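**Q** In short: position in the sequence shown from 1, add 4, done, that's our numbering. Idealized CB from N, CA, C, for every residue including glycine. Here the structure is a predicted model, which is why all the values come from computation and not from measurement. Before anything else, here's the structure in question.
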Amino acid sequence: MGTLTDMLRPCVSSVSHCKVCSAKAPLYGVTDFNKNCEEAKGVYLPLTGVPVHYYQCSRCGLVFTIAFDHWSTSDFREHIYNERYVTVDPDYVEARPAANADMIADFIKKSQSLACLDYGGGNGTLTTLLRHRGIDAHSWDPVANHEDACPTGSFDFVSAFEVLEHTPEPLATVEQALGFLREGGVMLFSTNVFDHVPTRSMDHWYIAPRNGHITIHTKPSLQALFARFGYRVHHFNDNFHLALKSVPAWLS
Ligand SMILES: [Zn+2]
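Put into structure tokens, the structure is as follows:
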């Protein structure tokens with residue numbers, strides 16, 4: 005374990021390559037490691053003096069940083085998903101799991117017997133709420149359950165709320181999440197897309213290294229990412245999306 009300055013990969017290039025589509029990605033901007041999502045509500049952490057540079061893909065619009073590419077799970081736990089994380093994401097404890105449980109129960113209401121996996125479900129609060137409703141729900145989180153075995157078997161429905169913006173490896177993460185689906189399964193996920201944000205918008209609340217927001221998508225970047233695995237993406241809005249190959253009977 006080192007200091008942040010030692011640990012973050014220094015930005016030595018003004019152009020990178022997109023982690024989704026490999027196109028050239030010029031420097032987008034730079035911010036302090038402690039920039040967080042709650043600043044509009046007055047939560048300003050002391051600046052660390054550690055810069056985090058972001059690039060934007062010239063083709064699909066993905067905004068990303070390479071500063072965390074070499075971090076281990078324990079690095080993320082020590083510096084981001086630590087005991088102070090709740091300060092910069094207070095809704096993750098109760099409010100968001102409760103709202104997401106309502107949404108999933110409504111989304112799958114036409115079928116009583118779907119096997120469901122919440123991927124990246126943290127401590128499993130959402131899954132507990134779904135089980136209370138009689139849903140066959142399971143949870144697995146690549147950070148929180150790092151030492152635990154992956155769930156075996158395959159699922160009709162995978163959810164992944166607030167996951168894709170947190171991964172430094174979008175291809176590997178989506179491949180793993182989709183790998184839990186059985187044929188005909190679908191993945192419902194949330195991540196805010198950047199399609200309608202002006203260029204050079206480093207002040208945007210969603211670019212927030214302290215929250216672990218290190219990969220910010222656009223609709224084209226999501227389409228390109230899931231297309232690599234044979235899936236198309238339906239966008240309900242700028243935050244909620246559904247990946248599928250075909251519409252299952254219980255959704256039609
Ligand atoms: Zn791209």
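Could you tell me how far apart the beta carbons of Val147 and Phe80 are, in whole angstroms, since I believe they sit closer than 8 Å?
**A** Walking along the sequence shown from the start, residue 147 turns up at place 143. Walking along the sequence shown from the start, residue 80 turns up at place 76. Confirmed, Cβ separation roughly 6 Å.
**Q** Let me confirm a value: Leu51 is counted as buried when at least 16 other C-beta atoms fall within 10 Å, else exposed. Which label applies?
**A** For the purposes of this step, residue 51 is identified with residue 47 of the sequence shown, where counting begins at 1. Leu51 is exposed by the Cβ-count criterion.
**Q** Can you name the start and end residues of the alpha helix (DSSP H) that Asp93 belongs to?
**A** Position 89 of the sequence shown holds residue 93. Neither: Asp93 is in no alpha helix (DSSP H) and is coded neither H nor E.
**Q** Secondary structure at Thr9, three-state DSSP: helix, strand or coil?
**A** Within the sequence shown, numbered from 1, the residue matching residue 9 stands at position 5. Thr9: helix per DSSP, three-state reduction.
**Q** Assign Phe240 to buried or exposed, taking buried as 16 or more other Cβ atoms, counted over all protein chains shown, within 10 Å of its Cβ.
**A** Along the sequence shown, one-based indexing puts residue 240 at 236. Flag for Phe240 reads exposed.
**Q** Can you list the beta strand (DSSP E) stretches of 3 or more residues lying completely in the region 137-192, in chain order?
**A** Counting only runs of 3 or more, we get 140-144 and 159-165.
**Q** Please classify Ser18: is it buried, with 16 or more other beta-carbons within 10 angstroms of its beta-carbon, or exposed?
**A** Position 14 of the sequence shown, counted from the first residue, corresponds to residue 18. Label assigned to Ser18: exposed.
**Q** In terms of residues, what are the limits of the beta strand (DSSP E) holding Ala29?
**A** Counting from one through the sequence shown, the residue named residue 29 turns up at place 25. Lys28 to Asp36 is the extent of the beta strand (DSSP E) around Ala29.
**Q** Considering Asp73, what are the terminal residues of the alpha helix (DSSP H) in which it resides?
**A** If you number the sequence shown from 1, residue 73 lands on position 69. Where Asp73 is concerned, there is no enclosing alpha helix (DSSP H), given that its DSSP letter is neither H nor E.
**Q** Since Gln2 is in the beta strand (DSSP E), which residue starts that stretch and which ends it?
**A** A query on residue 2 cannot be resolved here, the shown segment of the chain reaching from 5 to 256 and no further.
**Q** Can you give the Cα-Cα distance for Ser265 and Arg13, rounded to whole angstroms?
**A** Any answer about residue 265 is impossible in this case: the structure gives the chain only from 5 up to 256.
**Q** Assuming Leu118 contacts Phe161 under a Cβ cut-off of 8 Å, what Cβ separation, rounded to an integer in Å, is found between them?
**A** Here the question's residue 118 lines up with position 114 in the sequence shown. Here the question's residue 161 lines up with position 157 in the sequence shown. That belief holds up - the Cβ atoms of Leu118 and Phe161 are roughly 5 Å apart, short of 8 Å.
**Q** For Leu66, verify whether its CB is less than 7 Å away from any heavy atom of ligand 1.
**A** For this step, residue 66 is matched to residue 62 along the sequence shown. Yes.
**Q** Can you determine whether any heavy atom of ligand 1 sits closer than 7 Å to the C-beta of Cys154, and answer yes or no?
**A** Sequence index remark: in the sequence shown, residue 154 carries index 150 (1-based). Checking the Cβ of Cys154 against ligand 1 gives no.
**Q** Tell me which residues share the same chain as Glu42 and place their Cβ nearer than 8 Å to its Cβ, disregarding the 5 neighbours each side in the sequence.
**A** Locating residue 42 in the sequence shown gives position 38, where the first residue counts as 1. The answer, listed in chain order, is Thr91, Val92, Asp93 and Pro94.
**Q** Which residue marks the beginning of the beta strand (DSSP E) containing Arg236, and which one marks its end?
**A** Reading the sequence shown from its first residue, position 232 is the one you call residue 236. Here the beta strand (DSSP E) through Arg236 covers Arg236 to His239.
**Q** Could you check whether His57 and Cys15 sit closer than 8 Å to each other, using their CB atoms as the reference points?
**A** To locate residue 15, count along the sequence shown from 1; it is residue 11. To locate residue 57, count along the sequence shown from 1; it is residue 53. Contact: yes.
**Q** Should Arg63 be listed as close to ligand 1, given that the test is whether its C-beta is under 7 Å from any heavy atom?
**A** Position 59 of the sequence shown, counted from the start, is the residue given in the question as residue 63. Yes; taking the cut-off as 7 Å, the Cβ of Arg63 has a heavy atom of ligand 1 nearer than that.
**Q** According to DSSP, is Thr129 part of a helix, a strand, or is it coil?
**A** Against the sequence shown, residue 129 aligns to sequence position 125. Three-state result, Thr129: helix.
**Q** Using 10 angstroms around the beta-carbon of His245, count the other beta-carbons present and answer buried if the total reaches 16, otherwise exposed.
**A** As a working mapping, residue 245 is identified with position 241 in the sequence shown. Counting Cβ neighbours within 10 Å, His245 comes out buried, since at least 16 surround it.
**Q** From this set, Pro172, Lys249 and Lys45, which residue's C-alpha is nearest Thr77's C-alpha?
**A** Taking the sequence shown and counting its residues from 1, one reaches residue 77 at position 73. It is Pro172.
**Q** Report buried or exposed for Asp122, applying the criterion of at least 16 other Cβ atoms within 10 angstroms of its Cβ.
**A** As a first step, residue 122 must be located in the sequence shown, where it is residue number 118. Looking at its Cβ environment, which holds 16 or more other Cβ atoms inside 10 Å, Asp122 is buried.
**Q** When DSSP labels each residue in this structure, what does Phe198 get in the three-state scheme?
**A** To locate residue 198, count along the sequence shown from 1; it is residue 194. In the structure shown, Phe198 sits in coil (DSSP, three-state: anything other than H, G, I, E or B).
**Q** Tell me whether Cys120 counts as near ligand 1, meaning its Cβ is closer than 7 Å to at least one heavy atom of that ligand.
**A** Within the sequence shown, numbered from 1, the residue matching residue 120 stands at position 116. For ligand 1, not one heavy atom lies less than 7 Å from the Cβ of Cys120.
**Q** Where does Phe233 fall in DSSP's three states?
**A** Working through the sequence shown from its first residue, we reach residue 233 at position 229. Phe233 falls in the coil class under three-state DSSP.
**Q** Pick helix, strand or coil for Phe208, following the three-state DSSP scheme.
**A** Looking up residue 208 in the sequence shown gives position 204. The question names Phe, but residue 208 is His in the sequence shown. His208: coil per DSSP, three-state reduction.
**Q** Can you find a heavy atom of ligand 2 that lies under 7 Å from the Cβ of Val24?
**A** Ligands in the displayed structure: ligand 1; ligand 2 is not one of them.
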